[in-house]
Structure formats: structure tokens, C-alpha cells
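A short worksheet on the structure shown next.
There are 2 protein chains.
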Amino acid sequence: MPDKIFPAGPIARRADGIPPFHVMELLSRAHELAAQGRDIIHMEVGEPDFPVAAPVLAAAQAFLGAGRVEYTPAAGLPALREGIAAHYAARFGVTVDPARILVTAGASGALLLALAGLTEFGDRWLLPDPGYPCNRQFVQAFGGEVDSLNVRAEEAFQPTAASVAGAWQARTRGLMVASPANPTGTLIARETLAGILAEVRARNGACVVDEIYQGLTYGRAPETALSLGDDMFVINSFSKYFGLTGWRLGWLVAPAPYVRALEKLAQHYTICASTVAQHAALAAFSPEALAIFEARREAFSQRRTCLLAGLRELGFGVPAEPEGAFYVYADVSRHAPDSAAFAHRLLEETGVAATPGVDFGAREPQRWLRFAYTTDVARIEEALARMKKLL
Amino acid sequence: MPDKIFPAGPIARRADGIPPFHVMELLSRAHELAAQGRDIIHMEVGEPDFPVAAPVLAAAQAFLGAGRVEYTPAAGLPALREGIAAHYAARFGVTVDPARILVTAGASGALLLALAGLTEFGDRWLLPDPGYPCNRQFVQAFGGEVDSLNVRAEEAFQPTAASVAGAWQARTRGLMVASPANPTGTLIARETLAGILAEVRARNGACVVDEIYQGLTYGRAPETALSLGDDMFVINSFSKYFGLTGWRLGWLVAPAPYVRALEKLAQHYTICASTVAQHAALAAFSPEALAIFEARREAFSQRRTCLLAGLRELGFGVPAEPEGAFYVYADVSRHAPDSAAFAHRLLEETGVAATPGVDFGAREPQRWLRFAYTTDVARIEEALARMKKLL
Numbered sequence: 001m002p003d004k005i006f007p008a009g010p011i012a013r014r015a016d017g018i019p020p021f022h023v024m025e026l027l028s029r030a031h032e033l034a035a036q037g038r039d040i041i042h043m044e045v046g047e048p049d050f051p052v053a054a055p056v057l058a059a060a061q062a063f064l065g066a067g068r069v070e071y072t073p074a075a076g077l078p079a080l081r082e083g084i085a086a087h088y089a090a091r092f093g094v095t096v097d098p099a100r101i102l103v104t105a106g107a108s109g110a111l112l113l114a115l116a117g118l119t120e121f122g123d124r125w126l127l128p129d130p131g132y133p134c135n136r137q138f139v140q141a142f143g144g145e146v147d148s149l150n151v152r153a154e155e156a157f158q159p160t161a162a163s164v165a166g167a168w169q170a171r172t173r174g175l176m177v178a179s180p181a182n183p184t185g186t187l188i189a190r191e192t193l194a195g196i197l198a199e200v201r202a203r204n205g206a207c208v209v210d211e212i213y214q215g216l217t218y219g220r221a222p223e224t225a226l227s228l229g230d231d232m233f234v235i236n237s238f239s240k241y242f243g244l245t246g247w248r249l250g251w252l253v254a255p256a257p258y259v260r261a262l263e264k265l266a267q268h269y270t271i272c273a274s275t276v277a278q279h280a281a282l283a284a285f286s287p288e289a290l291a292i293f294e295a296r297r298e299a300f301s302q303r304r305t306c307l308l309a310g311l312r313e314l315g316f317g318v319p320a321e322p323e324g325a326f327y328v329y330a331d332v333s334r335h336a337p338d339s340a341a342f343a344h345r346l347l348e349e350t351g352v353a354a355t356p357g358v359d360f361g362a363r364e365p366q367r368w369l370r371f372a373y374t375t376d377v378a379r380i381e382e383a384l385a386r387m388k389k390l391l
Numbered sequence: 001m002p003d004k005i006f007p008a009g010p011i012a013r014r015a016d017g018i019p020p021f022h023v024m025e026l027l028s029r030a031h032e033l034a035a036q037g038r039d040i041i042h043m044e045v046g047e048p049d050f051p052v053a054a055p056v057l058a059a060a061q062a063f064l065g066a067g068r069v070e071y072t073p074a075a076g077l078p079a080l081r082e083g084i085a086a087h088y089a090a091r092f093g094v095t096v097d098p099a100r101i102l103v104t105a106g107a108s109g110a111l112l113l114a115l116a117g118l119t120e121f122g123d124r125w126l127l128p129d130p131g132y133p134c135n136r137q138f139v140q141a142f143g144g145e146v147d148s149l150n151v152r153a154e155e156a157f158q159p160t161a162a163s164v165a166g167a168w169q170a171r172t173r174g175l176m177v178a179s180p181a182n183p184t185g186t187l188i189a190r191e192t193l194a195g196i197l198a199e200v201r202a203r204n205g206a207c208v209v210d211e212i213y214q215g216l217t218y219g220r221a222p223e224t225a226l227s228l229g230d231d232m233f234v235i236n237s238f239s240k241y242f243g244l245t246g247w248r249l250g251w252l253v254a255p256a257p258y259v260r261a262l263e264k265l266a267q268h269y270t271i272c273a274s275t276v277a278q279h280a281a282l283a284a285f286s287p288e289a290l291a292i293f294e295a296r297r298e299a300f301s302q303r304r305t306c307l308l309a310g311l312r313e314l315g316f317g318v319p320a321e322p323e324g325a326f327y328v329y330a331d332v333s334r335h336a337p338d339s340a341a342f343a344h345r346l347l348e349e350t351g352v353a354a355t356p357g358v359d360f361g362a363r364e365p366q367r368w369l370r371f372a373y374t375t376d377v378a379r380i381e382e383a384l385a386r387m388k389k390l391l
């Protein structure tokens, strides 16, 4: 293999060992098919399909109009940190000191910062399987080791106090948990998270809570783990509910004693998050913008209802009710023994693209396909009709 | 110390051990003085003072006008990677395959990616002292250890083949070198770098070349290490020559065999760099934009001449000619035994802010002050006049 000859010494293990995203292969085939004139329905994309909300766009344009785009403090514009804190107060009734909020380049930047600040070489982290595939890489970036937590559909694909306690080892540093979760769209019950926190606290461990899809819940009010205490590391994003993907903006809420050190890491690792994005995001909490985001949530809700019912009717299993994010994690075992092969067949024969479970974990991945409802109801109905014909 | 009680377990050593930037303390005092009505001349800032170039601003506004700001591929917009490659061809006569160019969130993102891809726990890196303070943190982020290379003013504060060969140890992974350099503004001679590369290659090591200030040279044509081979990791930025600081955009040119793995790291660590910034930067290589940047380089050149002559006249030592970036690294030992205390005295008594050497290294830092000419000639003259009165 010629690409294994490294003229400047070996590539680091953390980089060499990363498996490719299988969906990428699928995507390039989708592009080929589209180039041949085939109509592809994209249900593999974890990106909302709405344009930038008008008030946010206007704020960005007004800021650019002044012609100055300078560095901000590493932790972010004070006004944006205060805006995020005010949002926690207004929507969740939770008081968060703005000083605990670090604005980052997407939730990616927040995950990087949290794991850098918490992981010593050889530390172990508990990660639910299935889960967001990048989490494993953030742990390994800093010399950490991943122990997969087997989660069960009957428990909403979420960890429990018992599973965390059972999996904890001497070198376990902490746990990562997500609600709403990717790829399953499931939420963690407040009492379940409280029970997990008790186990983590008893072990002087760290709990990193991914709330990247916060606000995108259907039939249940959005929640934050911050209502359970101030000793968690909470990850958030402007990409999903606020729809600001390509702007690369997110934030980390850290326990107070860690903030100064994390801020120094941010100074060195990133200087600051995009100043343009920060000024745009200042408008994301305005009543006008929030009304737009709520209307979009309602649109997602209708898509979810349509997709969920349609998939179940076609014989896909959806054992854990997806109540958030914009994903349905469907069991395809009634139709096919291997979801990756089935995803290719779906694409070739119906033009529907979905993401195979192998991209999200190692526990029975061949049973699962993730469908994203980041496309409108008409397209979802079309996708369901095409799949019905196939099956 | 109450902030040493960590409710969620200890902070990682890489975060706990970071010394604060001394200039920050100075800056907060400068803000206090300004609030009291004092006129502060900022010569501590590593950020160009020009507004966004009109063609770049127009490109950003046109892009925003379409209302869609979506993720790009992790390695960046293909058109931007091609634009960067074309810039290397046009300005430096060097052919670089666009596939080797990874667009990142500032040079910070490029440094993070390169060190993540090259550093195993316990690997050692040679870093010139003085140097860019964040480099040390990027090495330590990934479990690496830093060995400071003592560089000498008589050798332009740059490493040599002999110093690199002499400092290399069994676990040395590579060398970081910058041209133009921060804080000294010095360049590395082409033949010196070639000699260093020969030593690094003989040891199967990696050479990370920081060209963040590329294009900002005075009296000497800009160069790139890429003309010496394709086995280096070259770091660049849109922040300095192109003046796009707060946009957070830079790039990494990697040797071909490393690109795929680094791209996977980028997918996981960042998803992509700011889409708005990437579309803005597409206009940075247009003839109109380059004409603006060249005019600004000329302005920097005049400031440099003014500041350099003025400082020398005041008895500051500038033993190594600063031929690039926008810094003069001045020896203050004729006037004061400790540059950090002197920086405070300068600020209090003259309102001139400069950065003490202690922020850039451990080798005789008390002798040095870094003056940035990121303010116009009139203000530089005013600063010199005030310092003359003091001394």
C-alpha cells in the first residue's frame, strides 16, 4: 500500500485507526446516480434544510456592513454569553452564570475543549452504543480509551444508573450522554439522568451531556441537564434548532472550577470562534427568530409523524419512540439481514439515501438504518411510496 | 485555593499547566487606564488594523444574500482549495496539488490537525525559543513533550541544521519552524531551511513550517518552504496578509500520504471550517483584492521603517533585522533589567502597550519586548515621542 509509506514518519494512531463513514461511499454513489438523471431523496443528512432565519441573516449583514471582523475574546462575545444565559433562564427556568459559558466553533469545538480538559492518557470514557460517531475520536484525540455502553431499545437507547455503575472501572474518567440523541432521536428521562449523575458523582467522575439537538422535541417540553446541577459539562450548538450549520457555532457550559483552564485552552487552540457567526447568533434569541425556529420545529414534528407511521407500516421496527432531533432509527431486520447492503439496495432501486447503523456503533449495527427527516413531507411520502414498491 | 476543588474529577494536566499570557494582565490595566480617559497606543496586538478588503466583503455579502449557509466538505470548498493552489503557482511558482490542501478554522485549526496527526504520547518536538506561544500547547494537547531550541539573534532567531541535529533525541518526532516568525519578525534563509530539512529527513522526522505571515515581507520576496519539497506540513492563514482574523480561516498543506487520515480527523474534530469565511476567501485571490493587500504591505513597510529606526534611536537593541510579519522584537536591557516590569512602566507612564518576552519563551525573556506595528505611522511616532520623554 503506497499510502502507508510516510516520508515524515508515521501517522499518529489516533488518525490512522479511524474507520471511514460508510455513508460517504453511499453518498458518492448517490451523486453518480444523480448525475445520471436519477432523482435522489436525501434522508441521510444531519443538516436542517431551512434557509438562514431572516433576523439572523439581517444581523450578520448589518455586522458585515461595518467592515470590521476582528478577534473576539476566546470565550466569546460577552453579549452572546449573556444571551445564551438569558435563553436558559427564559426557556428552561435555569440560572446559568454567563461566565460558565464558552462559545466554540460548533458543538465540535465544545466537545474538543471538554475532552481536552478532562482526559489524561489512559483514562477511560463510557460512550453509549449507538451514538454520535465523533465522540470516540474526541476521547482518543487526548489519549483516552472508549468503553462502549450497551444501551437497549427498551430503555430508549439510553444508559441507566445500573448500566453506568456496572461498566465503571478504576480508570473510568466519565460518561458521555446525549438527549435528544443521535442516531436514535430518543430523550433521556430526567429521573434516569439524575440516577446516572448520582453514580458518576459518587465516583468523582465527569458527565458530558450532549444537548446539541435541544429544542427539537415533539410532544415533550425541551429540557436541560443543567436543571440537575452545575457539575456537568453541557454541549450545545447553533446548528440544529437554530439552523446555523455552516456558521460553525456552539457552546460549552462548564462547572465553574474548570472554566478558567478551559478558557486558556480555547485561547491557545482556537483564538476564538467565528466573529461573524457570533454577531449573527446574537439575533437568534430574539422573539422573531424564536418564532421562526418554533414554526420549523412544528414542520419537523409533522415530518416525524409522517415518516414514523410510514416506516412502521412498511414493517420497519421502531422500538424506541424518537421524541427529538430529526432522526428515526429503524430496525430493518424484517426486510434484510444487513442494513449496509440494504442501504445500497435502497439507493440503487429507489433513490432513497439513508445511513447504515455501522456508522454509529458496533452493537448489532446491521439491524439499523437512520432516516433523517431533513426533507419535506412530500419527499418523505415519495420515499415511503418508493420503498413500499420495493418491499 | 477554592478553584482547585474539582467536583467532576481533576482537570487534565495539559489544561492545568498553561501559564497565563502576561500581556492579558497588561491589557486589562490598559482598559482601566483608557476608562480613566488615558490615550493608549496599542502595540501589543497581533491583529492587522485594516478593515475587511472590499472584494472579500462583497463576496461574503453576496453569499449571505442567497440565504443558505450549509456545511462544506471537511477539507474545504473545492474551489477554495483550487484557489489556494493557484495562488502558490502564481505567486511562488510552486505546484501544489489542491488535494493536499486542507482548509481549517484559522491557522489554529491547521496546527491542531498537524500535531494531532503526528504526535504519539511521549513524542518530543523541537520548538524555537522565542516562538508562538500556542505551539507548545498544541504539542502537549496530544501527549507530546516540548524541547526548546535555543536560537540566537545572530542567526536571525532561527534554528540551524547544526542546532537541530544537536538537539535531536531518540523520541524526537519533529521540528516546528516559522518564517516570518512571531515574535521576532525574522525570516529563515532558504539554504538554512534546506539544511534543516536534510537533518529532519535523515531522521525520518516531520517538519511543520508556519507560514502564517507569508506575504508580509519587506525588501525580500515572499517564499514558501513548499519550493523545497513536498514532505513538509505547511501552516497558513487568511488572518494576516489577507487580514481576515475574526473569520477564522487558514489552511494546512500536508504531504500526500497523510492527507486522507488528516481529512478524517478534520471530519470528526470540526466537520468543516466556516462556510461564510470560505466563500469570502474565494475573493481574496482576485487581482483587486491582491492589490489592496499589497498596498497594505507597503503601509506595514513604512511603519516598520519608522518603528525600527525610532526604537534603535532610543537605545533599544534590535540585533536581528525583522524582515517580515508586523513585529519588532526589541532588547530593552539598556533601559531596564526586566521587560515585564518595563512593559508595565511604559503603559503607566506613556500609555504605550507592548508584549513582554516572557509570553514567547523562557530564554532570557526579561530582555525583550515585542512591538507590533498594527497601528499607523502617526501613532507609532507618537509612541516613540512618549517613550523618548520617559527614557
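Here the protein sequences line up with chains W and C, keeping their order. All letters in the first sequence, in the order written, are residues 1 to 391 by full-length UniProt numbering. All letters in the second sequence, in the order written, are residues 1 to 391 by full-length UniProt numbering. Glycine residues also receive a C-beta, built at the ideal position from the N, C-alpha and C atoms. No experiment lies behind these values; they were computed from the predicted model shown.
Query	Result
Interfacial residues, the segment 276-287 of chain W to chain C, with Cβ spacing under 7 Å	V276 and A277
Under 9 Å (Cβ pairs) to chain C, residues found in the segment 172-199 of chain W	R173 and G174
Spatial distance of C:A30 from C:F50 (CA atoms)	22 Å
Residue range of the unbroken alpha helix (DSSP H) whose run includes C:R201	R190 to A202
Assigned secondary structure, W:V355 (DSSP; H/G/I helix, E/B strand, else coil)	According to the sequence as given, residue 355 of chain W is Thr; it is not Val. Strand, per DSSP.
6 Å Cβ shell around W:C272 - same chain, five flanking residues per side excluded	Y71, T72 and A74
W:R248 versus W:A256, W:R312, W:F238 and W:E82, residue with shortest Cα-Cα distance	W:F238
Contact with chain W by C:F78, beta-carbon distance below 8 Å	A small correction: the amino acid at residue 78 of chain C is Pro; Phe does not occupy that position in the sequence shown. It does not: the Cβ of C:P78 has no partner Cβ on chain W nearer than 8 Å.
Contact list for W:L102 against chain C, beta-carbon separation under 9 Å	Correct list: empty, because the minimum Cβ distance to chain C is about 12 Å.
CA-to-CA distance, W:A141 to residue 464 of chain C, given in whole angstroms	Past the edges of chain C, shown from 1 to 391, lies residue 464 of chain C, and the structure says nothing about it.
Beta-carbon proximity check, W:F371 vs W:A341, cutoff 8 Å	no
Spatial neighbours of C:P98 in its chain, beta-carbon cut-off 6 Å, leaving aside the 5 residues before and after	R81, E82 and A85
Members of the segment 107-129 of chain W near chain C, C-beta cut-off 8 Å	S108, G109, L112, A116, G117, L118, T119, E120 and F121
Beta-carbon proximity of W:Y241 to C:F6, cut-off 8 Å	no
Short CB-CB distance (under 8 Å) between W:C207 and chain C	yes
Cutoff 7 Å; reference C:R14; Cβ partners in own chain excluding five residues on either side	Q140 and A141
Contacts around C:E44, its chain only, beta-carbon distance under 6 Å, and the 5 residues preceding and following it disregarded	V23, A353, A354 and T355
Residue burial classification, C:R220 (beta-carbon count within 10 angstroms, cutoff 16)	exposed
W:F316 vs W:T374 beta-carbon contact at 8 Å	no
At least three beta-carbon pairs within less than 8 Å, the segment 200-213 of chain C to the segment 169-179 of chain C	yes
Chain-ordered neighbours of C:R68 on chain W, where CB pairs are closer than 9 Å	P51, V52 and G246
Min CB distance W:K389 to chain C below 8 Å	no
Short CB-CB distance (under 8 Å) between W:H22 and chain C	no
8 Å Cβ cut-off: residues of chain C touching W:E47	E70 and Y71
Closest residue to C:A383 among C:R303, C:E32, C:T184 and C:A156 (Cα-Cα distance)	C:R303
Own chain, CB closer than 6 Å to C:A107, minus 5 neighbours either side, in chain order	I212, I235, S237 and G250
Contact set between W:G9 and chain C, taken where Cβ atoms lie within less than 8 Å	L118, R173, G174, N204, G205 and A206
Endpoints, alpha helix (DSSP H) assigned at W:E294	P287 to E313
Among W:E47, W:E155, W:P78 and W:P183, nearest to W:L193 - alpha-carbon criterion	W:E155
Chain-ordered neighbours of C:R13 on chain W, where CB pairs are closer than 7 Å	E120
Selection from W:G65, W:F233 and W:A225 that minimises the alpha carbon distance to W:V253	W:F233
Which residues DSSP lists as bridging W:R370, in chain order	W:Y329 and W:T355
Residue range of the alpha helix (DSSP H) that includes W:L57	A54 to G65
C-alpha distance - W:G246 paired with C:T350, whole-angstrom precision	45 Å
4-residue-minimum alpha helix (DSSP H) runs that sit fully inside the segment 122-146 of chain W, ordered along the chain	134-141
Terminal residues of the beta strand (DSSP E) in which C:G174 lies	T172 to A178
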